[in-house]
Amino acid sequence: MAKQEDIFKNVVSHAKEYGFIFPSSEVYDGLSAVYDYAQNGVELKKNIREYWWKSMVQMNENIVGLDAAILMHPTTWKASGHVDAFNDPLIDNKDSKKRYRADVLVEEFAEKINQKAQKEIEKARARFGDAFNEEEFVTTNARVVEYLSKYKEILSRLAKGMTDDLQDVKALIEELEIADPETGSRNWTDVKQFNLMFGTKLGASADSAMDLYLRPETAQGIFVNFLNVQKSGRMKVPFGIAQTGKAFRNEIVARQFIFRMREFEQMEMQFFVRPGEEMKWYHHWKETRLKWHLSLGLGKENYRFHDHEKLAHYANAAADIEFNFPFGFKELEGIHSRTDFDLKAHEQFSGKKLQYFDPELNENYVPYVVETSVGLDRMFLAVFATSLKEETLEDGSTRTVLKLPSVLAPTKAAILPLVKKDGLPDIARTIIEDLKWDFTVAYDEKDAVGRRYRRQDALGTPFCITVDHQTIEDQTVTIRHRDTMKQDRVKISELKDIIENEVSTKNWLMKM
Ligand code: ATP
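Per my numbering, residue 3 is the first one in the sequence shown, and the count goes up by one each step.
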């Protein structure tokens, strides 16, 4: 556990030290759960967004993009259910004045009991080896049976309390004697619903001002534009609308760096299908999205599906793609079969028809929707944390290397004159002039070349190109590969093809 925490701390400090992510308004001690992307972070984030956009929009004839405004007519959020149902149950500790999500307190308590059971199971597995029968063990070992039944009972009482009566959730917290994790106090207030939307005002004068919300998801901008896009683009069902953009949630428990932020970015696609065909498309998108993640090569073992048993009010099937973050498996992307809930709700609240005339069936209907929704910042964290490695080299020294998928790397190549004289910087500059039209490249002449290699390793730059005295003679340079540290002598004229072959989106997406 301590090791996991160390790894995570390392990720956060590397992100800051190497210009990827800073706390927002740091000169004023920051703003909780809000972050800024710095010079390298903004490139990595942009590359992730583009990798998504190309695979969703550019590669699919029947998916088009959209960039809707963050501010929307307030009735949108009545219709979508966010005004009435986008709540988290919160509880305050009267002594510490700290605020918690009541359901998270109970879940964390239950998880500790589950962990005790898992520990027993692992001990038994080690003891019995190949002969170990887990199924039999968890139903016969008295201690494990007790832990697991307690665990399940707590979770089912929590689920019931969450839907029926929040006072039961408070009673559960008291009965389990759950204490404030920071202070140990058990002096709790009642559990209250807390809406996660940020409110704001439109208009100058106090009287005429209109209450608005900052959008808590990008999806609704797609739904209200469904007919505009379908008609102007002459789209035929099935078709999709994709969008990336900021969303805002007043999260109560905002921890874990950029995993849960109050201002974040989503990459969403709503796919409109014939009623009755939604399950086929739901499975299609589940598989397709997983393949997209796997194409980045971060390791198959780091992903898993979590199929939802308890569904949101708008869904008839839902699954998360979970990723093995430095703090365990957590949701990275959601794939939801949203039925015709949203379009129907907008029809009802707007009084306008949001229907499609299907020329093949010769009938009008409200399409069903399958949604794919991935957090851009969570993608960033997944990619960044998994790529950060400490390696011990053959000579016993260590190096920190950010083994980013090269297609996403902020800088594709660094051009380094071996020394700052003899015309070598000039040659390096001409190489940059040639390459910068196609790739983001950097120039670095400070310090010994070994130090410069290390600096580029820590930034995730896939190639270092060194100009030396031989370059003057025969127009060749050395090209060093980040992951293998192997160096090849190549012609300057070959550089573009070598880099292109390694970083091209096509070559990466073809792995899907
Ligand atoms: P969680 O259960 O973690 O709160 P969610 O189920 O509420 O997430 P969705 O509403 O399905 O999330 O949003 C889709 C995606 O948006 C999530 O899979 C996640 O990647 C991202 N996301 C949601 N909330 C946040 C947040 N506060 N900070 C960063 N990313 C977020």
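Glycine residues also receive a C-beta, built at the ideal position from the N, C-alpha and C atoms.
Pick from the options that is closest to residue i, judged by C-alpha positions
i    : options                   : result
E365 : A144, R276 and Y445       : R276
H16  : R262, V66, E265 and G43   : G43
L92  : P25, T142, I65 and M164   : M164
N167 : I500, T486 and D192       : Rather than Asn, the amino acid found at residue 167 in this sequence is Asp. Among I500, T486 and D192, the Cα nearest to that of D167 is on D192.
L216 : D309, P76 and S495        : P76
G513 : S297, E137 and G462       : One point to set straight first is that residue 513 is Lys, not Gly, in the sequence displayed. Taking only the C-alpha atoms, the option nearest K513 is S297.
A416 : E279, T400, V479 and A319 : V479
D94  : V255, A40 and R453        : V255
V505 : T463, D490, K493 and D470 : T463
T486 : M58, L404, D499 and Y445  : L404
P218 : S187, L73 and G186        : L73
H84  : A314, V451, K154 and G377 : A314
G247 : N509, W54, R457 and I500  : W54
Residues near residue i by beta carbon distance below 8 Å, same chain, minus five either side
i    : result
N89  : Q195, F196, N197 and L198
L160 : D105, V108, E109, A112, V171 and L174
Q60  : none
V368 : P277, D342, L345, K346, E349, L356, Q357 and Y358
E324 : Y305, R306, F307, H308, F331, K332, E333 and L334
Contact set for residue i: own chain, Cβ-Cβ below 6 Å, skip 5 residues either direction
i    : result
K56  : T507
L229 : L356
D428 : none
Y316 : R340 and F343
M381 : I50
R127 : F134
V36  : S26, R264 and E265
Residue(s) in a DSSP beta bridge with residue i
i    : result
G353 : BP columns for G353 are empty, so no partner.
P91  : Q195
F200 : L216
A244 : G67 and M271
K391 : V403
Alpha-carbon spacing of residue i relative to residue j, whole angstroms
i    : j    : result
Y30  : E267 : 24 Å
E447 : E45  : 22 Å
R145 : K121 : 11 Å
E373 : I474 : 56 Å
E19  : V13  : 10 Å
F259 : H285 : 32 Å
A70  : I224 : 7 Å
M3   : K125 : In this prediction, M3 has a pLDDT of 44, which is less than 50 and means its spatial position is unreliable; what the coordinates show is noted afterwards. Using only the alpha carbons, I get a separation of about 17 Å.
T189 : K96  : A quick correction: the sequence has Asn, not Thr, at residue 189. Whole-angstrom Cα-Cα distance: 6 Å.
K438 : G205 : 45 Å
I243 : G336 : 16 Å
Q6   : F329 : 7 Å
I9   : E392 : 10 Å
E465 : A384 : Residue 465 is actually Phe in this sequence, not Glu. Using only the alpha carbons, I get a separation of about 22 Å.
A460 : T402 : 6 Å
E280 : Q272 : 12 Å
R491 : T468 : 10 Å
K99  : F24  : 28 Å
K238 : R291 : 22 Å
Start and end residues, alpha helix (DSSP H) containing residue i
i    : result
D167 : Neither: D167 is in no alpha helix (DSSP H) and is coded neither H nor E.
Q2   : Since the displayed the chain opens at 3 and closes at 514, residue 2 lies outside it and no answer follows.
S57  : No alpha helix (DSSP H) holds S57; DSSP gives it neither H nor E.
L298 : Note, L298: premise wrong, no alpha helix (DSSP H); not H, not E.
Same chain, Cβ closer than 7 Å to residue i, neighbours up to 5 away in sequence not counted
i    : result
L150 : A119 and V140
D379 : I260, M263, F266 and E267
H295 : Y305 and I323
Y455 : C466 and R482
Residue range of the beta strand (DSSP E) that includes residue i
i    : result
M212 : M212 to L216
Y39  : Y37 to Y39
Q472 : Where Q472 is concerned, there is no enclosing beta strand (DSSP E), although the alpha helix (DSSP H) it sits in stretches over H471 to D476.
S375 : Y370 to G377
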